[in-house]
Amino acid sequence: MKALSLYQDRGTVVHRVDSRSKLLYILSAILIPAVLPGFMPGLAMLALSILILATGKVFGKVLPLVGFSLLILASIVLIQGLFYSGNKQLLFSLWRFGFYREGLLFSGGICLRVMNILCAVSILVLTTRPSDLIESLVRLGLSPHLGYVLSSVLQIIPQMTATMETITDAQRSRGMETEGTLLVRMKAFLPLIGPVVMNSLVSTRERSLALEVRAFSARSKKTFLNPPQGGTANTVIPLVLLLAMAAAIVWRVMQ
Amino acid sequence: MNKIEIRKLRFHYSAGEEILSDISLDFDARSTAIIGQNGAGKTTFVKLLKGLLQPVSGDVLIDGINTRDMTVAGLARHVGLVFQNPNDQIFKNKVLDEVMFGPSNIGQSPDEARASALAALQMVGLADKQAENPYDLSLSERKLISIASIVAMHTDIIIFDEPTIAQDHAGKERIKAIIRELAKQGKLVLTIIHDMDFVAETFERTLVFAEGKVLLDGPTREVYGLPGILKQSHLEPPHITQLYNRIGCQGAVLTVEEFIAARRAGTGRPPVSA
Chain L
1 MKALSLYQDR GTVVHRVDSR SKLLYILSAI LIPAVLPGFM PGLAMLALSI LILATGKVFG
61 KVLPLVGFSL LILASIVLIQ GLFYSGNKQL LFSLWRFGFY REGLLFSGGI CLRVMNILCA
121 VSILVLTTRP SDLIESLVRL GLSPHLGYVL SSVLQIIPQM TATMETITDA QRSRGMETEG
181 TLLVRMKAFL PLIGPVVMNS LVSTRERSLA LEVRAFSARS KKTFLNPPQG GTANTVIPLV
241 LLLAMAAAIV WRVMQ
Chain R
256 MNKIEIRKLR FHYSAGEEIL SDISLDFDAR STAIIGQNGA GKTTFVKLLK GLLQPVSGDV
316 LIDGINTRDM TVAGLARHVG LVFQNPNDQI FKNKVLDEVM FGPSNIGQSP DEARASALAA
376 LQMVGLADKQ AENPYDLSLS ERKLISIASI VAMHTDIIIF DEPTIAQDHA GKERIKAIIR
436 ELAKQGKLVL TIIHDMDFVA ETFERTLVFA EGKVLLDGPT REVYGLPGIL KQSHLEPPHI
496 TQLYNRIGCQ GAVLTVEEFI AARRAGTGRP PVSA
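Residue numbers (our numbering), protein chains in the order written: chain L, 1 to 255; chain R, 256 to 529.
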C-alpha cells in the first residue's frame, strides 16, 4: 500500500547513514549559521546540504519543495526590501517603489536560513524510511506508544483515502449523486463519512486487541526488530557534527 | 434482448499494464458466475459494468445505454451492485432506513421505498430486525442487509461481489434462494465468487477470467467438465465433481443429488439436464 511519505528508495550511501546522524545534521545546519556571523557559513552549509542531496540522488525531489517556498520567500524579499524599518541606503527603484540595501540583506538572510532548514530536513525525509526514523527515535528514548502513534498516522491516512473511495463507489452505486451543487455535496456528506467513522472505530478496537495479544504494553525490556546501524561512519558523523557545533559556539563566545 | 452487451472492451489503470484486454460478451437473463484467480480482473470488470470505471476503449451497453453517456447514480436504476464489504455502505442507525436509502435515491416515493425495503428484508429473512441498529448485528447479517438494500431498488441487473463471505451454511442457502428468486423474476444476476460448490449449485452460466481475458464461457456444467483448462487458471471443479471423477466416472455432476442419481443409475455419464 502507498504510505504517506516522501521517502525515495535509492539505496545510496546517504540512505545507509542512520537517522540519528541526520537529525544531528539538521540541528547543525540550523545552529552553526545562526551562531556565526555573515552569509558565508550559511552558504557553505547550504552547499554541503545540496552536495549530500545530490549524492543521495534525491536533489530533483527537493526542487518542488524549494519552488513552493520560493513563493513565500519572494513576498518576504518584496516587503522587507520596501518597508524594512532600518532601510537607509536606496539600492534601486522600480517605477515608484524604492528597494533598500538593508531590507534586502535582511530578507536575504531569512531566505538563506529557510533554504538551509529545508534542505537539511529534506535529507532526513527523502532518504530515511519513516519506520526506521521512528525506530531510532524509540531507541533514543521516545516512548514506544508515541512511536506507534506516529507510524500509524503515516499508514492510516492513505488507508482512509482508499476506504473513502470504496465508500463513495458504494453509495454512488445506490443512486446517490456526489457531484454537483453545494446542496448535493452536503447531502452526500453523511452517507460518506458515516461508514468511514464506524470503520475506523471498529478497526481501532481490533488493532488494539491485536497489539495487546502480542504483548505491546508488556513492562519488560524490549528488543528491536532491526539491529542498530553500526559502522564507523555512524560514530564519526555525529562526533564531527557535535564538535563543529561546539567549536562554533566557543568561537562566538570568545569573540 | 441482451441485458448487457460488451464490445471490444479494454481497460488499464496505467498504460502498458493491461487489466482487461479485448473482451466482447453478451449477457442475457441467465444467472452467471464470474470465477478466476485473485487479480484476474473480475472486480475491475464489474466496476466497468456499473460505470464506476470507464473503458479505455470499447463500449459497455446496459439495457442499450452506453455507460459513457450516464452517471453512476443514473445507472443505479438499471444495475445494482452489492459490494464485498457491507461496512463500506451502512451508515443509517436503523436497518429499515438503510435499506430504504437506495430506493429513495432513484425516485421511489417514501411509501414505495418502505414497501420495497420491507419486501427485500422479508426476502433476506431479516424482517424482524428492521428497527435494529445495523452495527448491533453480526457481519453475516450486515451482508444480508447490504443485499436487501440493493434488491429493494428493483434493478433489472444485480451484481454480487463475493456474496457468501462470512456466511454459514444457512446463510449460503438463503443467498442461493435469493439468487434463484431474482433469476425467476427475469433479472440478470451476475456474481463474482470463489466458492465453486456454490457456483455449481446456483448458476446456469459460468465465465472464467484469467489475466484479463475470458478463458471459458459456457453453461456451468460444460465449464466444470474441462478440468484441464480450469487448472490452467488455478481453479478446481466443485468437490462433488472431483469426487465423481476420482472414483472413475466420466463427466461433470454438479450437485450431491446428481451424484446420487448417477450412482444409483449405475451410469458413468452425467444426467442430461440439471
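All C-beta atoms in this analysis are idealised placements derived from N, C-alpha and C, irrespective of residue type, glycine included.
Distance, Cα to Cα, residue i vs residue j?
{"i": "A210 of chain L", "j": "V77 of chain L", "result": "53 Å"}
{"i": "L399 of chain R", "j": "L192 of chain L", "result": "20 Å"}
{"i": "Q363 of chain R", "j": "T204 of chain L", "result": "37 Å"}
{"i": "V301 of chain R", "j": "L190 of chain L", "result": "26 Å"}
{"i": "L264 of chain R", "j": "L308 of chain R", "result": "12 Å"}
{"i": "N342 of chain R", "j": "T232 of chain L", "result": "52 Å"}
{"i": "L304 of chain R", "j": "I413 of chain R", "result": "11 Å"}
{"i": "A407 of chain R", "j": "N388 of chain R", "result": "19 Å"}
{"i": "A74 of chain L", "j": "G180 of chain L", "result": "37 Å"}
{"i": "I79 of chain L", "j": "I110 of chain L", "result": "12 Å"}
{"i": "G271 of chain R", "j": "M160 of chain L", "result": "28 Å"}
{"i": "H449 of chain R", "j": "L70 of chain L", "result": "55 Å"}
{"i": "R460 of chain R", "j": "S220 of chain L", "result": "60 Å"}
{"i": "I195 of chain L", "j": "T163 of chain L", "result": "With the sequence shown as reference, residue 195 of chain L is identified as Pro, and Ile is not the correct amino acid for it. Straight-line Cα distance between these residues: approximately 9 Å."}
{"i": "R96 of chain L", "j": "A44 of chain L", "result": "36 Å"}
{"i": "V213 of chain L", "j": "R207 of chain L", "result": "10 Å"}
{"i": "I290 of chain R", "j": "T419 of chain R", "result": "14 Å"}
{"i": "R262 of chain R", "j": "S217 of chain L", "result": "58 Å"}
{"i": "N360 of chain R", "j": "M176 of chain L", "result": "6 Å"}
{"i": "S528 of chain R", "j": "D283 of chain R", "result": "Note that S528 of chain R has pLDDT 49, beneath the 50 cutoff, so the model's placement of it is unreliable and no number is given."}
{"i": "L241 of chain L", "j": "N87 of chain L", "result": "37 Å"}
{"i": "W29 of chain L", "j": "K222 of chain L", "result": "Checking the sequence, you will find Ala at residue 29 of chain L rather than Trp. So the alpha carbons of these two residues sit roughly 33 Å apart."}
{"i": "M198 of chain L", "j": "I402 of chain R", "result": "19 Å"}
{"i": "H494 of chain R", "j": "M451 of chain R", "result": "8 Å"}
{"i": "D366 of chain R", "j": "S200 of chain L", "result": "34 Å"}
{"i": "F39 of chain L", "j": "P33 of chain L", "result": "8 Å"}
{"i": "V469 of chain R", "j": "E417 of chain R", "result": "19 Å"}
{"i": "L490 of chain R", "j": "Q292 of chain R", "result": "7 Å"}
{"i": "T128 of chain L", "j": "F68 of chain L", "result": "22 Å"}
If contacts are defined as beta-carbon pairs under 8 Å, then residue i and residue j qualify, I think. What distance do you get, rounded to the angstrom?
{"i": "I50 of chain L", "j": "A120 of chain L", "result": "The Cβ separation is near 10 Å, so there is no contact."}
{"i": "L498 of chain R", "j": "I484 of chain R", "result": "Actually they do not touch by this definition, with Cβ atoms about 20 Å apart."}
{"i": "R174 of chain L", "j": "F346 of chain R", "result": "Their Cβ separation, rounded to whole angstroms, is 11 Å, which puts R174 of chain L and F346 of chain R out of contact at 8 Å."}
{"i": "F338 of chain R", "j": "P310 of chain R", "result": "Not quite, the Cβ-Cβ distance comes to about 21 Å (not below 8 Å), so this is no contact."}
{"i": "G42 of chain L", "j": "V14 of chain L", "result": "Their Cβ separation, rounded to whole angstroms, is 21 Å, which puts G42 of chain L and V14 of chain L out of contact at 8 Å."}
{"i": "S395 of chain R", "j": "Q377 of chain R", "result": "Contact flag wrong, Cβ pair sits at about 18 Å."}
{"i": "L46 of chain L", "j": "R252 of chain L", "result": "Their Cβ separation, rounded to whole angstroms, is 20 Å, which puts L46 of chain L and R252 of chain L out of contact at 8 Å."}
{"i": "I237 of chain L", "j": "S21 of chain L", "result": "4 Å"}
{"i": "V17 of chain L", "j": "N234 of chain L", "result": "7 Å"}
{"i": "T298 of chain R", "j": "L445 of chain R", "result": "That pair is no contact at about 12 Å."}
{"i": "L53 of chain L", "j": "S122 of chain L", "result": "6 Å"}
In its own chain, which residues sit with a C-beta less than 8 Å from the C-beta of residue i, not counting the 5 before and 5 after it?
{"i": "E466 of chain R", "result": "A295 and G296"}
{"i": "T178 of chain L", "result": "T168, Q171, R172, V184, R185, A188 and L192"}
{"i": "A215 of chain L", "result": "none"}
{"i": "K431 of chain R", "result": "F453, E456 and T457"}
{"i": "V327 of chain R", "result": "K305, G306 and L307"}
{"i": "M1 of chain L", "result": "Legend: pLDDT at M1 of chain L = 43, less than 50; position of this residue unreliable, no value from coordinates given."}
Can you list, in chain order, the residues of its chain with a C-beta nearer than 7 Å to that of residue i? Leave out the 5 residues immediately preceding and following it.
{"i": "L263 of chain L", "result": "Outside the shown range of chain L (1 to 255) lies residue 263 of chain L, about which nothing can therefore be said."}
{"i": "D318 of chain R", "result": "K258, H333 and D411"}
{"i": "T12 of chain L", "result": "T55, G56 and K57"}
{"i": "F92 of chain L", "result": "F99"}
Could you name the residues of the same chain whose beta carbon sits closer than 6 Å to that of residue i, not counting the 5 residues immediately before and after it, in chain order?
{"i": "Y479 of chain R", "result": "P492, T496 and A507"}
{"i": "L272 of chain L", "result": "Because chain L here runs from 1 to 255, residue 272 of chain L falls outside it and cannot be looked at."}
{"i": "A170 of chain L", "result": "none"}
{"i": "L150 of chain L", "result": "I134"}
{"i": "F106 of chain L", "result": "Q80 and Y84"}
{"i": "D314 of chain R", "result": "R262 and N321"}
For a test of your reading of the model: does the CB of residue i fall under 6 Å from any non-hydrogen atom of the ligand PLP? Yes or no.
{"i": "K431 of chain R", "result": "With respect to small molecules bound, the structure shown includes none, and the ligand PLP cannot be examined in it."}
Within the stretch 332 to 389 of chain R, ranges of the alpha helix (DSSP H) (whole runs, at least 4 residues): Counting whole runs of 4 or more residues, the stretch 332 to 389 of chain R contains the alpha helix (DSSP H) stretches 350 to 360 and 365 to 379.
Residues of the stretch 169 to 183 of chain L whose Cβ lies closer than 7 Å to any Cβ of chain R, in chain order: Correct list: D169, A170, Q171, R172, S173, R174, G175, M176 and E177.
Near-chain R residues of the stretch 197 to 226 of chain L - C-beta to any C-beta below 8 Å: If you check each beta-carbon in the stretch 197 to 226 of chain L against every beta-carbon of chain R, the ones closer than 8 Å belong to M198, N199 and V202.
Complete runs of the beta strand (DSSP E) confined to the stretch 377 to 451 of chain R [at least 3 residues]: Secondary structure in the stretch 377 to 451 of chain R: the beta strand (DSSP E) runs of 3 residues or longer, each lying completely within the stretch, are 412 to 416 and 443 to 447 in chain order.
Members of the stretch 342 to 358 of chain R that neighbour chain L once the beta carbon cut-off is set at 7 Å: For the stretch 342 to 358 of chain R, the beta-carbon criterion of a distance under 7 Å to any beta-carbon of chain L is satisfied by N342, D343, Q344, I345, F346, F356 and G357.
Whole runs of the alpha helix (DSSP H) within the stretch 33 to 63 of chain L, excluding any shorter than 4 residues: Fully enclosed alpha helix (DSSP H) runs of 4 or longer: 40 to 55.
3 or more residues per run - each beta strand (DSSP E) lying fully within the stretch 59 to 138 of chain L: Counting whole runs of 3 or more residues, the stretch 59 to 138 of chain L contains the beta strand (DSSP E) stretches 90 to 94 and 97 to 100.
Interface residues of the stretch 136 to 168 of chain L facing chain R [CB-CB below 8 Å]: Under the 8 Å Cβ criterion, the stretch 136 to 168 of chain L contributes T163, T166 and I167.
Interface residues of the stretch 308 to 330 of chain R facing chain L [CB-CB below 9 Å]: For the stretch 308 to 330 of chain R, which is checked against every Cβ of chain L, the residues closer than 9 Å are T326, V327, A328, G329 and L330.
Interfacial residues, the stretch 380 to 400 of chain R to chain L, with Cβ spacing under 7 Å: Cβ contacts with chain L: Y390.
Cβ-based contacts, 8 Å cut-off: residues of the stretch 473 to 492 of chain R near chain L: The residues in question: there are none.
Chain R contacts made by the stretch 60 to 87 of chain L, where a contact means CB separation under 8 Å: Residues of the stretch 60 to 87 of chain L that bring their beta carbon within less than 8 Å of a beta carbon in chain R are absent altogether.
Alpha helix (DSSP H) runs wholly inside the stretch 268 to 312 of chain R, at least 4 long, in chain order: DSSP assignment within the stretch 268 to 312 of chain R yields the following whole alpha helix (DSSP H) runs of 4 residues or more, N-terminal first: 297 to 304.
Selection of the stretch 440 to 467 of chain R by Cβ proximity to chain L, strictly under 7 Å: Look at the stretch 440 to 467 of chain R: it has no residue with a C-beta under 7 Å from a C-beta of chain L.
Members of the stretch 277 to 306 of chain R that neighbour chain L once the beta carbon cut-off is set at 7 Å: Result list: K305.
Near-chain R residues of the stretch 103 to 118 of chain L - C-beta to any C-beta below 7 Å: Within the stretch 103 to 118 of chain L, no residue qualifies.
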